[in-house]
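K.L.:
Keeping their order, the protein sequence lines are chains A and B. Take 1 as the starting number for the first sequence in the numbering used here and just add one per residue. Take 339 as the starting number for the second sequence in the numbering used here and just add one per residue. We put the CB at the ideal spot given by N, CA and C, even for glycine. All values reported here derive from a predicted model rather than from experimental measurement. So that we are looking at the same thing, I have put the structure below in structure tokens.
2 protein chains.
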Amino acid sequence: MAAKPPPRLVDVAARAGVHVSTASRVLNGSVDSKVREETRLRVHAAAAELRYRPNALARGLKTSTTTTLGLLVRSLSNPVMADMARAAAARAWELGYVVVIAEDDGVITQRAWERLVHEGRIDGMLVASASIGGPILDFVDQASLPHVFVDHVHPGSGRNVAMREADAGRMAAEHLLGLGHHHFGQITGPPAFDSDRRRSEAFRETVIAAGDPAPVRWVADYTEASASEVAKAIFAAKNRPTAVFVSALSHAIGFVATAQRAGIRIPDEMSLIGYDDDPLLDYIGVPVTSIRMPLAELGRIATGALIDQINGSAPRDIEIPTLPIIVPRSSTATPNGG
Amino acid sequence: MAAKPPPRLVDVAARAGVHVSTASRVLNGSVDSKVREETRLRVHAAAAELRYRPNALARGLKTSTTTTLGLLVRSLSNPVMADMARAAAARAWELGYVVVIAEDDGVITQRAWERLVHEGRIDGMLVASASIGGPILDFVDQASLPHVFVDHVHPGSGRNVAMREADAGRMAAEHLLGLGHHHFGQITGPPAFDSDRRRSEAFRETVIAAGDPAPVRWVADYTEASASEVAKAIFAAKNRPTAVFVSALSHAIGFVATAQRAGIRIPDEMSLIGYDDDPLLDYIGVPVTSIRMPLAELGRIATGALIDQINGSAPRDIEIPTLPIIVPRSSTATPNGG
DNA sequence: CTGAAAGCGCTTACAG
DNA sequence: CTGAAAGCGCTTACAG
């Protein structure tokens, strides 16, 4: 049944003919620890032969350290979060950490927190789930646990890692303005999502700064169905915009499908620019011009910042320097096919 | 900086006026451990007041148990895997476990294994990544670590947790046969994917058993682009099938887009049935009839089976009993619009 | 330069 | 019914 137990430090010490404390010293390799070169070699050889790896629990108990990070996400099924999460996990692995996931479905949050934080399982937490005013803040605030907010910013926390959302909104507006549009609409997500608010606001401000009327704004959940409902309202409006900015992948998909069914031709009758890029966007009714965000960098940098915090750095807000990229496809053109 | 340290068992013992070993006994609550009712109450009260939670590392070190599961997946960005993974994680949480994720990008596998298994971080592993003959088997075989293969079956391992793929293929075929089709095509994924092979094979066999010619078979990677290339080949074939079964969500999306661009009308000129369901399928050029698999059950049951193994049960192959469901949309009809 | 000891926070036989 | 002791596998001052 159970195979032979893994080698312990005492086993490598014995094989190298030294005391366990000496073995520990060389393996933890503080450069200035005075141990004879020959001894060092013997210990390393023994460890390699035995394929020794220190028991994480024992080490952790002694050092009050787990080399484990928590990742709290709203939904792994969200492709955008998934991209961020994989980059975060990959970076954590590179830096010697392991990551445990907890889905924040609103119910589990408190229990997740207890199990991960109170039981001492993690050194820090990436919080990618909390919407503004969500309950997570209550836990996080009382804890001394290092943590960062990823993507979903908490103003004043001093722990936000965010992308250049304002630039995304601005670039979307400039793209459409550059094509000659003057009459805009936009679909945003629910108001609790701060990152959405920042890009939507910048879109609006850029349009206004250009001297055009403020975009008409609709709100939709992050589902194709909700975006579809809103799209119908937009198509039925008396004074239709000639160009629309939507704030999520699901919005773009729902919008295009609904336009096709309503007989609205994109981009001839209406231009559409989306937020969040995906290969999929090349393969729907009208390939959708969209804004690609540096999600992998977000994950990587957030993880790095968290680990810095664990190592004693003071938390600070970070903005990912990389600019968003507009991926041009077929859904944007000059107004009226002009 | 660091807040007050979490309470230890010795703290609750002191507050309850008992020895730490007594406190441990009541908190671990073996029913038959003879401890006076009054003592029991005092200890529980003290633990509650202090919000005591046992340190996972200390307990784990003592009991050689981590209440942590590993989850090895190919890519979190795969929406199907994501659905399975969330259900698995949710079930693990219910059963008192925590889950650490490791992405198997082919490079990290060995290091992931060392870090998770050799360092004693996990009690068992859900392997959802390994394609047939992949390197993971080398590690897994030598280890005595409890593990199950999820979705990607390893014949003979006796540890497979799989869905009714053959039924999925059969049902797809029967759906099309029932509409009157006699001339079939199919797109499968790369041959290394066993679950795909099982459904594709069943599709083929069902068609043959009905007395029709064997479906013409094409192979595509699991990308829209690859499916699109294959779709072009299908449309260009001299003797085109009237109905096609595709083996992945990305296949369906690529296929529909390419059909529209080629002017092939679905379902009038060709019927399409897909595998893997998604709300998205309601919102592409032609809403695609597809087969929904019980992914959440897969994740839940696999997790349960793994934990059973950890608790001493012998591993065994498990088939998820739930039948797939056909979600009818607009992409399938009688041949020739007839 | 290396060994011996203490201790991280638990659990679990073993005494009493 | 409850306490005292040992020990899980490490790391780290402290001696020597």
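What number of angstroms, rounded off, separates the C-alpha of residue 374 of chain B from the C-alpha of residue 448 of chain B?
P.N.:
Their backbone Cα atoms lie some 51 Å apart in a straight line.
K.L.:
Specify the secondary structure class of residue 500 of chain B as computed by DSSP and reduced to three states.
P.N.:
strand
K.L.:
How would you call residue 529 of chain B, buried or exposed, if buried means at least 16 neighbouring beta carbons within 10 angstroms?
P.N.:
exposed
K.L.:
At the 7 Å Cβ level, is residue 269 of chain A part of the contact set with chain B, yes or no?
P.N.:
Among the CB atoms of chain B, none fall inside 7 Å of the CB of residue 269 of chain A.
K.L.:
Verify whether the separation of the beta carbon atoms of residue 622 of chain B and residue 122 of chain A is less than 7 Å.
P.N.:
no
K.L.:
Just the Cα atoms here: how many angstroms apart are residue 378 of chain B and residue 386 of chain B?
P.N.:
Taking the straight line joining both Cα atoms gives about 12 Å.
K.L.:
With a cut-off of 8 Å, do at least 3 Cβ pairs link the stretch 72 to 87 of chain A to the stretch 407 to 425 of chain B?
P.N.:
yes
K.L.:
Label residue 544 of chain B either buried or exposed according to how many other C-beta atoms from any shown protein chain fall within 10 Å of its C-beta, with 16 as the threshold for buried.
P.N.:
Answer is buried; the Cβ neighbour count reaches 16.
K.L.:
Beta carbon of residue 522 of chain B, beta carbon of residue 579 of chain B: below 7 Å?
P.N.:
Contact: yes.
K.L.:
Excluding sequence positions up to five away, which residues of its chain have a Cβ less than 6 Å from the Cβ of residue 230 of chain A?
P.N.:
187, 218, 220
K.L.:
Hey, residue 69 of chain A and residue 97 of chain A are a contact pair by Cβ (cut 8 Å); roughly how many whole angstroms apart?
P.N.:
5 Å
K.L.:
Nearest by alpha-carbon distance to residue 270 of chain A: which of A:321, A:297, A:336, A:209 is it?
P.N.:
A:336
K.L.:
Just confirm the distance between the C-beta atoms of residue 630 of chain B and residue 662 of chain B, as a whole number of angstroms; I'd bet it's less than 8 Å.
P.N.:
Contact between residue 630 of chain B and residue 662 of chain B holds, with the beta-carbon distance rounding to 6 Å and staying under 8 Å.
K.L.:
In its own chain, which residues sit with a C-beta less than 7 Å from the C-beta of residue 361 of chain B, not counting the 5 before and 5 after it?
P.N.:
347, 350, 351, 354, 381
K.L.:
In the stretch 284 to 295 of chain A, which residues sit with their C-beta less than 8 Å from some C-beta in chain B, listed in chain order?
P.N.:
284, 285
K.L.:
Residue 298 of chain A lies in the alpha helix (DSSP H); which residues open and close that run?
P.N.:
295 to 310
K.L.:
Please give me, in chain order, every unbroken run of the alpha helix (DSSP H) with length at least 4 that falls completely inside the stretch 340 to 382 of chain B.
P.N.:
347 to 354, 358 to 365
K.L.:
Assuming contact is defined by CB atoms lying nearer than 7 Å, are residue 503 of chain B and residue 482 of chain B in contact in what I supplied?
P.N.:
no
K.L.:
Give me the subset of the stretch 654 to 670 of chain B whose CB atoms are less than 7 Å from a CB atom of chain A, sorted by chain position.
P.N.:
Using a CB distance below 7 Å, no part of the stretch 654 to 670 of chain B faces chain A.
K.L.:
For the stretch 247 to 256 of chain A and the stretch 292 to 304 of chain A, state whether three or more C-beta atom pairs, one from each stretch, are separated by less than 8 Å.
P.N.:
no
K.L.:
On a CA-only basis, which of A:171, A:67, A:89 is nearest residue 411 of chain B? Give me that one, please.
P.N.:
A:89
K.L.:
Buried or exposed: which applies to residue 442 of chain B, given that a residue is buried once 16 or more other Cβ atoms fall within 10 Å of its Cβ?
P.N.:
Buried, because 16 or more other Cβ atoms sit within 10 Å of the Cβ of residue 442 of chain B.
K.L.:
For chain A, check one thing: does any of its Cβ atoms lie closer than 7 Å to the Cβ of residue 424 of chain B?
P.N.:
With 7 Å as the cut-off, residue 424 of chain B counts as an interface residue toward chain A.
K.L.:
What span of residues does the beta strand (DSSP E) with residue 412 of chain B cover, start to end?
P.N.:
Careful: residue 412 of chain B lies outside any beta strand (DSSP E) and carries neither H nor E.
K.L.:
Tell me the rounded alpha-carbon separation between residue 395 of chain B and residue 60 of chain A.
P.N.:
Distance between the alpha carbons of residue 395 of chain B and residue 60 of chain A is about 7 Å.
K.L.:
Using beta carbons (cut-off 7 Å, strictly below), is residue 306 of chain A in contact with chain B?
P.N.:
Cβ-Cβ to chain B under 7 Å: no for residue 306 of chain A.
K.L.:
In the DSSP assignment, find the alpha helix (DSSP H) that holds residue 114 of chain A and state where it starts and stops.
P.N.:
Element bounds for residue 114 of chain A: n/a, residue is neither H nor E.
K.L.:
Please check the pair residue 148 of chain A and residue 162 of chain A, which I expect to be a contact at CB under 8 Å, by giving their CB distance rounded to whole angstroms.
P.N.:
About 10 Å; that fails the 8 Å criterion.
K.L.:
Should residue 54 of chain A be labelled buried (16 or more other beta-carbon atoms within 10 Å of its own) or exposed?
P.N.:
buried
K.L.:
Nearest to residue 664 of chain B by alpha carbon, out of B:405, B:402, B:653, B:509?
P.N.:
When the alpha-carbon of residue 664 of chain B is set against those of B:405, B:402, B:653, B:509, the nearest one is in B:509.
K.L.:
Is residue 611 of chain B near residue 573 of chain B, with beta carbons less than 7 Å apart?
P.N.:
no
K.L.:
Below 7 Å between beta carbons: does that hold for residue 627 of chain B and residue 669 of chain B?
P.N.:
yes
K.L.:
Opposite residue 609 of chain B in the DSSP bridges: which residues?
P.N.:
In the DSSP secondary-structure assignment, residue 609 of chain B is bridged to B:581.
K.L.:
Are there any heavy atoms of the ligand ATP lying less than 6 Å away from the beta-carbon of residue 492 of chain B, as far as the coordinates show?
P.N.:
This structure lacks the ligand ATP, and indeed carries no ligand of any kind.
K.L.:
Would you kindly report the start and end of the unbroken alpha helix (DSSP H) that includes residue 249 of chain A?
P.N.:
That run of the alpha helix (DSSP H) goes 249 to 262.
K.L.:
Mapping the DSSP letters down to three states, classify residue 57 of chain A as helix, strand or coil.
P.N.:
helix
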